[in-house]
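In the numbering used here, the protein residues as written are 994 to 1344. Don't be surprised by glycine CBs; every beta carbon is placed ideally from N, CA and C.
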């Protein structure tokens, strides 16, 4: 964002940035099919800021095709082969990076301990470019991965790089999507900010607004699978006329639910079945992640299924980005304290 900025209040009292450029420059790492990009557009539009993606990176060619078709820019390839100095300056870094263990032996070396993981590439870019803020996303299991050591090392590295960082686990169900998808978000600021995490509380969209009608036969499970599903689910679990997505867990237990369990890139084709009968269509999977109907689908079923499973819940990410924009619009905590007449008041860094 331009450093020449004024605060202006909208009718609802929300502070927005107003300046000659009025831009938010961001980079989109491990961008997939653009969930973070769409979320940034939504959040920035609500806060009166123009989002500008100055760099994106994605290694999967099919995901690159989808991203290019929808955002008119093809992502760069393997981020591990791109020097941090070649990445444009930006205000915010976005990254949904894979969960990987760090090889820690002997002396703990902080930043250097992350070498060989994709988080290292996030860290080296933060170290070189020093954006004002970042938003990272990962699976919920990151919190307990390697007995908590992985998350500990990530947070330690971010703080050693001079960022004020915090994390929270959020569920897409709380942000209006009919998908139970819990993910860990890590946000950080170059200067201490009074950041407030979004709480959700949005009513869940019914499956009737997600599921398509007149679905081709291609998506239907075999008669044998459908019969087995019906035999394993008692009438008490499903009422006639209900729209449900049947989830089969690793133990083989099947539960008809009024929402979807988390989409997964590598799950069995019968992991989720609409009313126990058919697979989700490409459009339905994208809707479950909060992608708009205007999003162009350019890949086949298998590739789109993988892309949707690897993507992010857009409304949830948009809420996090909004919270970061609001924090950036506030005065740094140390400045607020200096200007305050009551120096005994201690503002929390994260609420």
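Asked, Found
"Excluding the 5 residues flanking residue 1309 on each side, which residues of the same chain have their C-beta closer than 6 angstroms to its C-beta?", "1163, 1165 and 1168"
"By DSSP, does residue 1188 sit in helix, in strand, or in coil?", "strand"
"For residue 1295, does the three-state DSSP call read helix, strand or coil?", "helix"
"If you drop the 5 nearest sequence neighbours on each side, which residues of the same chain put their C-beta closer than 7 angstroms to that of residue 1152?", "1158"
"Would you mind reading off the limits of the alpha helix (DSSP H) that contains residue 1043?", "Premise fails: residue 1043 lies in the beta strand (DSSP E), 1043-1049, not in any alpha helix (DSSP H)."
"Can you check whether the CB of residue 1129 is closer than 8 angstroms to the CB of residue 1090?", "yes"
"Relative to the C-alpha of residue 1209, which residue among 1251, 1154, 1194 and 1271 is closest?", "1271"
"Out of 1193, 1137, 1017 and 1145, state which residue places its alpha-carbon closest to the alpha-carbon of residue 1083.", "1017"
"On the premise that residue 1314 lies in contact with residue 1033, defined as a C-beta separation below 8 angstroms, what is that separation, rounded to the nearest angstrom?", "6 angstroms"
"Take residue 1007 and list the residues in its own chain whose beta-carbon comes closer than 6 angstroms to its own, dropping the five residues that flank it on each side.", "Below a pLDDT of 50, predicted positions are generally treated as unreliable, and residue 1007, at 42, falls in that range; the measurement from the model is reported next regardless. The answer is none, since no qualifying residue turns up."
"Residue ranges of each alpha helix (DSSP H) run of no fewer than 4 residues wholly in the stretch 1017-1087, ordered along the chain?", "1028-1039 and 1054-1064"
"When the Cα atoms are used, what is the spatial distance from residue 1048 to residue 1073?", "14 angstroms"
"Between 1286, 1123, 1294 and 1052, which has its C-alpha nearest residue 1063's C-alpha?", "1286"
"Three-state secondary structure (DSSP) at residue 1159?", "strand"
"In this structure, does DSSP put residue 1126 in helix, strand or coil?", "strand"
"With DSSP run on the structure shown, which of helix, strand or coil describes residue 1242?", "coil"
"Taking the beta strand (DSSP E) that residue 1266 belongs to, which residues open and close that run?", "1265-1267"
"Among the candidates 1132, 1027 and 1071, whose CA atom is the shortest distance from the CA of residue 1288?", "1027"
"DSSP on residue 1176, reduced to helix/strand/coil?", "strand"
"Can you tell me which of 1239, 1194, 1303 and 1075 puts its alpha carbon nearest to the alpha carbon of residue 1282?", "1303"
"The alpha helix (DSSP H) with residue 1250 in it runs from where to where?", "First-last for residue 1250: 1247-1250, but that is the beta strand (DSSP E), not the alpha helix (DSSP H)."
"Among 1040, 1199 and 1237, which one has its Cα closest to the Cα of residue 1170?", "1199"
"With the cut-off set at 8 angstroms, would you say residue 1318 and residue 1036 are in Cβ contact?", "yes"
"To the nearest angstrom, how far is it from the Cα of residue 1222 to the Cα of residue 1242?", "13 angstroms"
"Please work out which residues of its chain come closer than 7 angstroms, Cβ to Cβ, to residue 1250, disregarding the five sequence neighbours upstream and downstream, and give them in chain order.", "1237, 1238 and 1240"
"Report the residue from 1131, 1080 and 1077 whose alpha carbon sits nearest the alpha carbon of residue 957.", "Because the chain is modelled from 994 through 1344, residue 957 falls outside the range shown and cannot be assessed."
"Expressed to the nearest angstrom, what Euclidean distance is found between the alpha-carbon atoms of residue 1294 and residue 1268?", "20 angstroms"
"Go ahead and pull the three-state DSSP assignment for residue 1211.", "helix"
"Let me check understanding here. Comparing Cα to Cα, which of 1311, 1125 and 1076 lies closest to residue 1191?", "1311"
"Enumerate in chain order the residues of its own chain whose CB-to-CB distance from residue 1203 is below 7 angstroms, with the five nearest sequence positions on each side excluded.", "1171, 1277, 1280 and 1281"
"Taking residue 1059 as the reference, which of 1324, 1296 and 1197 has the closest Cα?", "1296"
"Measure the CB-CB distance between residue 1214 and residue 1266 and report whether it falls below 8 angstroms.", "yes"
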